[in-house]
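Here is the structure we will look at.
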């Protein structure tokens with residue numbers, strides 16, 4: 014009995030052992046051959062039986078083998094297949110390198126690299142990878158961008174559908190001086206004529222974000238003086254996948270993403286839709302967005318590939334340019350009584366890219382792109398009045414309906430409110446109607462060749478670009494709900510550009526030298542169609558054209574030295590801001606800018622800047638820490654438009670310099686527990702070197718209080734030569750002589766011109782250039798659980814070139830105090846019904862509910878814009 018029992022155990026043990034051996038677990042990690050970075054979503058196929066697994070966010074995989082499986086096939090879109098022959102008793106395959114296919118386009122490759130930079134870009138840059146975006150679950154792209162060194166967000170409490178991004182001291186309103194790209198294609202409605210970002214892809218469909226700031230920025234244009242933001246969208250997955258992400262939160266925040274895509278043989282496809290709705294952080298600020306897009310990537314042969322992408326975005330929201338005064342901000346920061354403001358838009362876009370390789374060293378990439386954008390922005394006409402006079406001015410009906418929160422309050426003489434302007438008992442509205450159409454053709458050639466007996470890489474691009482812009486302004490004076498009015502402005506703009514660049518990467522062992530030269534030829538004109546329509550003697554459609562034609566060369570060079578896992582680099586280049594509708598049709602003579610007289614040639618030049626930087630990027634031994642450190646110095650000239658209605662009548666020069674730092678430190682990595690410290694910081698100092706500036710709002714629109722009045726008088730009297738002060742006492746406008754200014758003259762001031770430089774103000778800072786921006790956080794991972802905590806700090810910052818420290822009663826001017834916010838997240842990954850991968854997440858934004866001033870974005874017409882209040886969201890992300 015004992016013998017039989019023992020024999021049974023031995024037989025059973027041998028049987029189980031055979032099963033275990035037949036089903037041994039093998040692991041590995043799939044990485045990019047050139048960058049040595051993980052490939053997330055690669056498919057590992059067990060040949061003969063067809064079963065497969067997908068690599069995780071760090072490129073790792075595990076497969077349970079069976080006795081009849083002797084090889085693995087690894088596939089990833091845009092890479093050559095890799096086949097691994099399995100050897101007995103091998104349990105860890107280690108890193109498995111995949112080579113990017115020669116026909117692959119950069120537009121369809123997204124790396125999950127833990128590196129916070131793109132090594133292929135020469136000069137400073139920063140990358141937000143898919144894992145970081147998954148953890149943040151951002152409400153908006155601005156929420157992510159503010160954590161990037163060198164970036165400052167000029168907030169307006171929105172969802173980034175009209176982003177306000179400043180890079181290295183650029184004027185941030187509507188990101189006008191930053192180049193926005195989506196998958197490498199200009200995303201602004203009209204990048205040259207009207208670069209204001211009135212379109213922005215929804216954050217839900219962004220997979221990665223890269224910010225470029227070095228000399229290689231000259232590959233892109235036109236606005237390459239400060240930096241570029243490239244939104245990278247999802248590529249078709251290797252394995253056919255249905256994806257559903259549902260998110261909900263406070264203030265009726267709702268977001269739903271649906272997508273389906275996969276790769277079949279050599280064709281990858283993806284269709285995606287995002288619906289987003291939010292009541293907003295203030296009253297009457299709701300938003301509703303629908304975004305649809307589809308893309309196809311096809312490897313046509315070993316020498317050719319084709320990429321096609323089409324997208325559409327539709328938006329309807331209660332967007333207001335008016336905001337709050339200090340009094341209403343303190344009383345109730347959620348108030349917005351302007352219930353009739355409405356912004357509607359639609360945008361269609363298409364990209365077609367073809368890549369052809371005549372041989373293994375030469376390639377041609379052809380891109381055709383186009384977009385069609387139209388928006389209507391109906392806004393109530395507003396005025397600023399004393400809070401104590403609100404009920405009498407508005408009338409009981411309007412006051413009780415939308416301003417009742419003021420009832421019973423006590424006021425002083427400097428308590429003001431922004432209200433709808435009332436005439437004859439009615440409020441009125443205006444409409445800014447803009448229509449943009451953009452199209453272009455770009456050819457890029459890449460050639461590997463030898464120079465000085467070493468490997469060299471040449472790249473050249475030629476771009477034909479066209480854009481049109483129709484700017485119509487309507488006024489309706491019978492109701493704030495009117496959606497039709499009388500046209501008071503109708504301007505037509507058209508632009509052609511031929512631009513391109515030549516770039517070559519020379520390699521001398523560990524040293525690389527990359528010169529680059531960009532050329533811009535621009536031919537544009539403007540017509541005042543409304544004025545022309547009043548001319549009974551009009552002869553043809555060519556009359557009234559105001560042309561501006563200019564050429565610009567932009568050189569640059571980067572030198573880098575590689576050692577171990579690090580790189581030291583330095584670059585210098587000249588960047589430009591294209592003359593747009595704001596200042597593209599002016600005359601400059603001896604540095605003085607004026608509107609052209611009849612028959613006078615328009616000759617305004619682009620804003621230019623020599624940008625210099627030196628830095629380090631890489632990782633420390635054993636990858637314990639990785640990051641980057643950069644010193645930069647930008648010296649701009651021909652500076653015309655620096656802020657809303659702040660105009661350099663004598664073109665200015667502004668210097669901005671600073672330090673950018675980013676680090677990722679592995680504090681713990683044992684037994685599945687991982688703890689990382691993430692730190693990003695920017696130290697920045699700006700200085701206006703020269704120029705003459707007029708603030709057109711300062712005495713025509715701004716409501717001054719005692720503090721700002723006294724501050725201005727003190728500024729003038731402490732440096733009388735720096736100010737030209739004009740007054741009108743009823744007998745006409747005159748320039749005050751050098752006498753000391755006193756309070757009795759303040760109410761008669763009509764205009765003030767500041768003189769910068771050695772003979773004027775020598776210590777003025779540019780607006781929205783805080784001395785410090787910083788994000789610090791910790792991320793913890795254990796098996797399927799992850800959590801994180803982040804603190805973001807923005808230093809105090811001036812909001813206009815007068816550098817007022819005190820705040821005006823209408824909130825239009827004054828320094829913004831520093832603020833700090835805290836965010837947190839929790840994620841848990843699980844598998845449902847064996848084939849559904851799920852992530853459950855909770856995110857808290859501004860969890861301490863810090864009430865802070867984010868901007869004075871529109872100054873005299875808006876006042877204070879607060880930052881977003883506490884917002885908690887939760888949701889589930891399913892992949893089937």
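In my numbering, the protein residues as written are 14 to 893. For glycine and all other residues, C-beta sits at the position ideal for the given N, C-alpha and C.
- Taking all protein chains in view, the Cβ of residue 576 is surrounded by fewer than 16 other Cβ atoms within 10 Å, so the residue is classified as exposed.
- In the displayed model, residue 262 falls within a strand according to three-state DSSP.
- Put simply, the backbone Cα of residue 192 is about 8 Å away from that of residue 239.
- The C-beta of residue 731 has fewer than 16 other C-beta atoms within 10 Å across all chains shown, which makes the residue exposed.
- Rounded to the nearest whole angstrom, the CA to CA distance from residue 554 to residue 291 is 45 Å.
- Closest option to residue 789, judged by alpha-carbon separation, among 733, 161, 50: 161.
- Between the region 810-830 and the region 774-784, the count of Cβ pairs shorter than 8 Å is three or higher; the stretches touch.
- About 7 Å separates the beta carbon of residue 304 from that of residue 286, a gap short enough to meet the 8 Å contact definition.
- As the crow flies, the alpha-carbon of residue 738 is around 26 Å from that of residue 870.
- Ranked by Cα distance from residue 853, the options 835, 873, 797, 820 are led by 797.
- Taking all protein chains in view, the Cβ of residue 843 is surrounded by fewer than 16 other Cβ atoms within 10 Å, so the residue is classified as exposed.
- Cβ contact annotation for residue 111 (same chain, cutoff 8 Å, sequence separation greater than five): 43, 44, 45, 46, 52, 55, 87, 89, 92, 93, 95, in chain order.
- Inclusion of residue 529 and residue 485 in the CB contact set at 8 Å is not warranted, their separation being larger than that value.
- Nearest C-alpha to residue 742 among 715, 751, 759, 733: 759.
- Beyond the five residues adjoining it in sequence on each side, residue 703 comes within less than 7 Å, by CB distance, of 665, 666, 769, 770 in the same chain, given in chain order.
- Considered as a whole, the region 44-79 harbours 56-59, 65-67, 73-77 as its complete beta strand (DSSP E) runs of no fewer than 3 residues, in chain order.
- Rounded to the nearest angstrom, the Cβ distance from residue 236 to residue 204 is 7 Å, consistent with a contact under 8 Å.
- Residue state for residue 144 is assigned as helix, using DSSP reduced to three classes.
- Here residue 588 is not near residue 550, since their CB atoms are 8 Å or more apart.
- By the neighbour-count definition (other C-beta atoms within 10 Å, threshold 16), residue 310 is a buried residue.
- A residue is called buried once 16 or more other Cβ atoms fall within 10 Å of its Cβ, and residue 494, having fewer, is exposed.
- The beta carbon of residue 604 sits closer than 6 Å to the beta carbons of 663, 664 from its chain, once the five residues preceding and following it are set aside; these are given in chain order.
- When DSSP states are grouped into helix, strand and coil, residue 536 belongs to the strand group.
- By DSSP's assignment, residue 589 forms a beta bridge with 621.
- For residue 477, DSSP records a beta bridge to 454, 511.
- Two segments are said to touch when three or more pairs of C-beta atoms, one from each, lie closer than 8 Å; by this definition the region 360-380 does not touch the region 339-347.
- By the criterion of a C-beta distance shorter than 6 Å, residue 358 is surrounded in its chain by 328, 388, once the five residues flanking it on both sides are discounted.
- Cα atoms of residue 189 and residue 324: separation of roughly 23 Å, rounded to the nearest angstrom.
- Taking each of 134, 41, 151 in turn and checking the Cα distance to residue 105, the smallest one comes out for 41.
- Contact between residue 825 and residue 866 is ruled out by a C-beta separation of about 12 Å, above the 8 Å threshold.
- Secondary structure at residue 523: coil, using DSSP grouped into helix, strand and coil.
- Contact check for residue 262 against residue 722 fails: the beta carbons are separated by 8 Å or more.
- The beta carbons of residue 244 and residue 280 sit no closer together than 8 Å.
- Among the bridge pairs identified by DSSP, residue 528 is matched with 570.
- For residue 750, DSSP assigns no beta-bridge partner whatsoever.
- Using a 10 angstroms sphere on the CB of residue 183, the tally of other CB atoms reaches 16 or more, which defines it as buried.
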